[in-house]
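Read in order, the letters of the sequence shown correspond to residues 5 to 114 in this note's numbering.
Backbone N, C-alpha and C fix where the C-beta goes; we use that ideal spot for every residue, glycine too.
The model shown is predicted, which means the values in this text are computed figures rather than measured ones.
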Amino acid sequence: MRNGLKRIGMFTFVLIVFYMSTHRPNEEQFYLWLLDEYNIECHESITCTKKLEGNSYSTLIETGSNVKNGYLLFNTIGKIYEDENGSRTTIKALGVFGKYFTIIKDEQDS
Numbered sequence: 005m006r007n008g009l010k011r012i013g014m015f016t017f018v019l020i021v022f023y024m025s026t027h028r029p030n031e032e033q034f035y036l037w038l039l040d041e042y043n044i045e046c047h048e049s050i051t052c053t054k055k056l057e058g059n060s061y062s063t064l065i066e067t068g069s070n071v072k073n074g075y076l077l078f079n080t081i082g083k084i085y086e087d088e089n090g091s092r093t094t095i096k097a098l099g100v101f102g103k104y105f106t107i108i109k110d111e112q113d114s
């Protein structure tokens, strides 16, 4: 009985590791997640826009970027955005199981 449970546990573990390694989200998926989660839409350059209350928008410039794709089971992405008033938004996310999850969201007003 115990041997069978060990085999099932090992098989499940191997299956989860395989799934995680094949379902790491990419950077394009990060930008879609960023739009859905924080209303920040980034274009092909370092310029992004953030939808504010109502129908107004704020222009953001990406001033920092840290993308780690080299991990076997997950990705991490950190971005720093600054608006025209000098306010800074830092977002760090963990990409695992095909989705991104917020690690840190920090907003600093100037």
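Handout entry: Spatially closest choice to residue 98 from 50, 108 and 89, by CA coordinates
Key = Start at 1 with the first residue of the sequence shown, and residue 98 comes out as number 94. Out of 50, 108 and 89, 108 has the C-alpha closest to the C-alpha of residue 98.
Practice task
Say whether the segment 77-84 touches the segment 24-32, bearing in mind that this needs 3 or more beta-carbon pairs closer than 8 Å, one atom from each stretch.
Solution key: yes
Handout entry: Collapsed DSSP secondary structure at residue 4 in the structure displayed
Key = The displayed coordinates of the chain run from 5 to 114. Any statement about residue 4 would go beyond what the structure contains.
Exercise for the section: Could you tell me which residues DSSP pairs with residue 86 in its beta bridges? Expected result: For the purposes of this step, residue 86 is taken as the residue at position 82 of the sequence shown. Looking at the DSSP assignment, residue 86 forms a beta bridge with 65 and 92.
Handout entry: Exposure of residue 64, with buried meaning 16 or more beta-carbon neighbours within 10 Å
Key = For the purposes of this step, residue 64 is identified with residue 60 of the sequence shown, where counting begins at 1. Buried, by the Cβ-count rule.
Practice task
Specify the secondary structure class of residue 50 as computed by DSSP and reduced to three states.
Solution key: To locate residue 50, count along the sequence shown from 1; it is residue 46. In this structure, residue 50 counts as coil in the three-state DSSP scheme.
Handout entry: residue 19 (DSSP reduced to helix, strand or coil)
Key = What you label residue 19 is simply residue 15 of the sequence shown in a count that begins at 1. The answer is helix: DSSP assigns residue 19 an H, G or I state.
Exercise for the section: Would you decide whether residue 93 is buried or exposed? Buried here means 16 or more other CB atoms lie within 10 Å of its CB. Expected result: To locate residue 93, count along the sequence shown from 1; it is residue 89. Buried, since its Cβ has 16 or more Cβ neighbours within 10 Å.
Handout entry: Beta-carbon spacing of residue 87, residue 62 below 8 Å
Key = Locating residue 87 in the sequence shown gives position 83, counting from the first residue. Locating residue 62 in the sequence shown gives position 58, counting from the first residue. Contact: yes.
Exercise for the section: Locate the alpha helix (DSSP H) running through residue 75, then write down its first and last residues. Expected result: Taking the sequence shown and counting its residues from 1, one reaches residue 75 at position 71. Segment: none, residue 75 is in no alpha helix (DSSP H) and carries neither H nor E.
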